[in-house]
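In full-length UniProt numbering, the protein residues as written are 1 to 65.
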């Protein structure tokens, strides 16, 4: 039986970038991973060799100074 390659990872929502990259690489080592901040303008061109990890988190407390 031929297994269809994974194309989505909904289980990675709310995980760290590192965890997401590791899981995607484990499942699909053939893919190029791009980490993209939400709101970034990206090409709409479909690339079957690319997966984008969309990120939108504050990593550190914003402070004045």
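Heads up, the beta-carbon is just placed ideally off N, CA and C, and yes, glycines get one too.
Residues 42, 52, 53, 54 and 55 of the same chain have their beta carbon placed closer than 8 Å to that of residue 36, with the five preceding and five following residues left out of the count. In this model, residue 4 and residue 25 are separated by some 16 Å (Cα to Cα). Residue pairing from DSSP leaves residue 15 without any beta-bridge partner. Bridge pairing for residue 37: 55 [DSSP]. In this structure, the straight-line span from the alpha carbon of residue 27 to that of residue 64 is close to 42 Å.
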